[in-house]
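Trainee: Once you've had a glance at the structure underneath, I'll fire off some questions.
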Amino acid sequence: MASNVEVKDLLEAGVHFGHLTRKWNPNMSPYIYMERNGIHVINLYKTVAKLDEANEALKKIAASGRKILFVATKKQAKDIVADKVSKINMPYITERWPGGMLTNFVTIRKAVKKMASIDRMKKDGTFNTLSKKERLQVDRLRAKLEKNLGSIADMTRLPGAIFIVDTMREHIAVKEAQKLNIPIFAMVDTNSDPRPIDYVIPANDDAGKSIEAIMSEVTAAVAAGLAERKSEKQEEKAEVATEEAAPAKAEAPVVEEKAPVKEEVKEEAPAAKVEEEKVEEVKEEPKAKAPKAADKADDLTKIEGAGPKAAEALVNNGIDTFAKLAKADPEKIKEILTEASSRMAHLDPTTWPKQAQMAADGKWDELKEWQDKAKGGVE
């Protein structure tokens, strides 16, 4: 993905302003350019590089069909994030972070389903049979759920990634994502610790203009990934339609071309006709088998607990399809992940072969149901 962001734009948005030098986190030193008037200045060239890296990863996740959860509960960020993210139809949290949002996702889903059940009550007339006091209580509950969880009503499974504005404020979200091995993207200021973050975007996370500048680039990358996924689906449909129509068109010319050949061969030598037909059959066989040899690699990130980096490590070691992953030994998978990166040493691939087998058999509904019940891919 080509870079569209420029240092000049980030400079005008005030992305380079950090915190007071006495409040800094030493782990942010690689991203700090200088100190001026007691305030650290962020190196915007590194911000651009890290932003491009994060955008590329977000685009791939969006193209794979996984959801990306955006989290920003601070006053100056909530409205900006809600506006930008709602346009790309992704889930977001802009009120308080509900404890156990990720680690206890099953319970959160029950609360979301409660909203749907209240809506059904209002449609089928059950709501009108309640007393005035009960109706008031139900309306208040519905409003409270809508405020806190309405933006994640369409998130039926754990997200493929999480994007955070201000990791100091959203430290619980960071810990929950870490525990479930969910890739973390974040705007990290000079007072924050970048070590738990998978994709660090060094930037001012306090100014509205700075947050808007970064969010504009990030949501544009996600939108590009969604557009790419949509175009791929349309191409697949077109290919299927072409393949279905192709046999009917191919039959007619084959019969017409062979008719005169058979007459000429009969006059000369019947044995030559048999030999020619055998040669044609042998030549045609590889053509029929060619598509099978060119099978595409499967999207292994659809396995709960396997992020983009884990999937890349598996593909590099020859495990590029659900069928191969289903036959792989969990211990062997663990070794591959650990060798690829020490950051993936804590991943638990025990259930990955089981999930991969369901995916290989095309049992997507069964896999989705299992993933909804499981916590972070662990039964």
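The numbers in the sequence shown follow the numbering used here, run straight up by one, and end at 592.
Each residue gets a CB set at the ideal place from its N, CA and C atoms; glycine is no exception.
Across which residues does DSSP place R382 in a beta bridge pair?
Mentor: By 1-based counting over the sequence shown, the position of residue 382 is 169. None; R382 has no bridge partner.
Trainee: For E383 and V284, which I take to be in contact (beta-carbon distance under 8 Å), what is that distance rounded to the nearest angstrom?
Mentor: Numbered from 1 along the sequence shown, position 170 holds the residue referred to as residue 383. Numbered from 1 along the sequence shown, position 71 holds the residue referred to as residue 284. About 5 Å separates the CB atoms of E383 and V284; that is less than 8 Å, so the two are in contact.
Trainee: Do you know whose CA, among D533, S299, E445 and I255, lies nearest S429's CA?
Mentor: Start at 1 with the first residue of the sequence shown, and residue 429 comes out as number 216. Cα-wise, what sits closest to S429 is S299.
Trainee: Could you please give me the residues that DSSP links to A399 through a beta bridge?
Mentor: Here residue 399 refers to the residue found at position 186 of the sequence shown. DSSP lists I377 and V413 as partners of A399.
Trainee: Would DSSP call E308 helix, strand or coil?
Mentor: In the sequence shown, residue 308 corresponds to position 95, counting from 1. Assigned with DSSP and collapsed to three states, E308 falls in coil, not helix or strand.
Trainee: DSSP three-state call for L282: helix, strand or coil?
Mentor: Here residue 282 refers to the residue found at position 69 of the sequence shown. Correct three-state label for L282: strand.
Trainee: Span of the alpha helix (DSSP H) holding Y258?
Mentor: The residue you call residue 258 lines up with position 45 of the sequence shown. That run of the alpha helix (DSSP H) goes L257 to A276.
Trainee: Hey, I375 and I397 are a contact pair by Cβ (cut 8 Å); roughly how many whole angstroms apart?
Mentor: For the purposes of this step, residue 375 is identified with residue 162 of the sequence shown, where counting begins at 1. For the purposes of this step, residue 397 is identified with residue 184 of the sequence shown, where counting begins at 1. That belief holds up - the Cβ atoms of I375 and I397 are roughly 6 Å apart, short of 8 Å.
Trainee: In terms of residues, what are the limits of the beta strand (DSSP E) holding R249?
Mentor: Locating residue 249 in the sequence shown gives position 36, where the first residue counts as 1. Unbroken beta strand (DSSP E) run through R249: I245 to R249.
Trainee: Return the bridge partner residues of H559 from the DSSP annotation.
Mentor: Taking the first residue of the sequence shown as 1, we reach residue 559 at position 346. Looking at the DSSP assignment, H559 forms no beta bridge with any residue, so it has no partner.
Trainee: For K471, which residues in the same chain have their Cβ closer than 8 Å to its Cβ, ignoring the five residues on either side in sequence?
Mentor: Indexing the sequence shown from 1 puts residue 471 at position 258. Unreliable placement is indicated for K471, whose pLDDT of 49 sits below 50; the coordinate value is still reported in the next sentence. Contacts found: none.
Trainee: Can you tell me the Cα-Cα spacing of V228 and V261, whole angstroms?
Mentor: Counting from 1 along the sequence shown, the entry for residue 228 is found at position 15. Counting from 1 along the sequence shown, the entry for residue 261 is found at position 48. Each residue's Cα considered, the two are about 11 Å apart.
Trainee: To the nearest angstrom, how far is it from the Cα of M424 to the Cα of G278?
Mentor: For the purposes of this step, residue 424 is taken as the residue at position 211 of the sequence shown. For the purposes of this step, residue 278 is taken as the residue at position 65 of the sequence shown. As written in the sequence, residue 424 is Ile, which differs from the Met given in the question. For I424 and G278, the distance between alpha carbons rounds to 26 Å.
Trainee: State the start and end residues of the unbroken beta strand (DSSP E) segment that holds F230.
Mentor: Translated into positions along the sequence shown, residue 230 becomes position 17. Here the beta strand (DSSP E) through F230 covers F230 to L233.
Trainee: For the segment 244 to 260 against the segment 304 to 318, do three or more pairs of beta-carbon atoms, one drawn from each stretch, fall closer than 8 Å, so that the two count as touching?
Mentor: no
Trainee: Quick one: complete beta strand (DSSP E) runs, 3+ long, within the segment 405 to 459?
Mentor: 412 to 415
Trainee: Mapping the DSSP letters down to three states, classify I252 as helix, strand or coil.
Mentor: Here residue 252 is taken as the residue at index 39 of the sequence shown, counted from 1. Annotated three-state conformation of I252 is strand, per DSSP.
Trainee: Could you say which of K360, V220 and K392 lies nearest to M557 if we only look at CA atoms?
Mentor: Working through the sequence shown from its first residue, we reach residue 557 at position 344. The shortest Cα separation from M557 among K360, V220 and K392 belongs to K392.
Trainee: For D222, which of K540, R355, I427 and R333 has the nearest alpha-carbon?
Mentor: In the sequence shown, residue 222 corresponds to position 9, counting from 1. With distances taken between Cα atoms, D222 lies closest to I427.
Trainee: Go to S299, then tell me how far its alpha helix (DSSP H) extends in each direction, as first and last residue.
Mentor: As a first step, residue 299 is located in the sequence shown; it is residue number 86 there, counting from the start. Per DSSP, S299 belongs to the alpha helix (DSSP H) from K288 to K300.
Trainee: Using the rule of at least 16 other Cβ atoms within 10 Å of the residue's Cβ for burial, across every protein chain shown, is G231 buried or exposed?
Mentor: Sequence index remark: in the sequence shown, residue 231 carries index 18 (1-based). The residue in question, G231, is buried, as its Cβ has 16 or more Cβ neighbours within 10 Å.
Trainee: Considering A553, what are the terminal residues of the alpha helix (DSSP H) in which it resides?
Mentor: Taking the sequence shown and counting its residues from 1, one reaches residue 553 at position 340. Here the alpha helix (DSSP H) through A553 covers P543 to A553.
Trainee: Give the straight-line distance between the Cα atoms of V325 and D352, rounded to the nearest whole angstrom.
Mentor: On the sequence shown, residue 325 is found 112 positions in, with the first residue counted as 1. On the sequence shown, residue 352 is found 139 positions in, with the first residue counted as 1. If you take the alpha carbons of V325 and D352, they lie about 15 Å apart.
Trainee: Report the CB separation of I385 from G312 in whole angstroms; it is logged as a contact under 8 Å.
Mentor: The sequence position of residue 385 within the sequence shown is 172, counting from 1. The sequence position of residue 312 within the sequence shown is 99, counting from 1. Indeed, because the Cβ distance is near 7 Å, the residues count as touching under 8 Å.
Trainee: So what does DSSP say about D222, is it helix, strand or coil?
Mentor: By 1-based counting over the sequence shown, the position of residue 222 is 9. Of the three classes helix, strand and coil, the one that applies to D222 here is helix, per DSSP.
Trainee: Around the Cβ of M314, are there at least 16 other Cβ atoms within 10 angstroms (buried) or fewer (exposed)?
Mentor: Residue 314 sits at position 101 when you count from the first residue of the sequence shown. Result: buried.
Trainee: Classify K336 as buried or exposed, calling it buried when 16 or more other Cβ atoms lie within 10 Å of its own Cβ.
Mentor: Stepping through the sequence shown from its first residue, residue 336 is reached at position 123. Exposed, by the Cβ-count rule.
Trainee: Quick one: grab the DSSP three-state call for K500.
Mentor: Residue 500 sits at position 287 when you count from the first residue of the sequence shown. In this predicted model, K500 has a pLDDT of only 44, less than 50, meaning its place in the structure is not dependable enough to derive any value.
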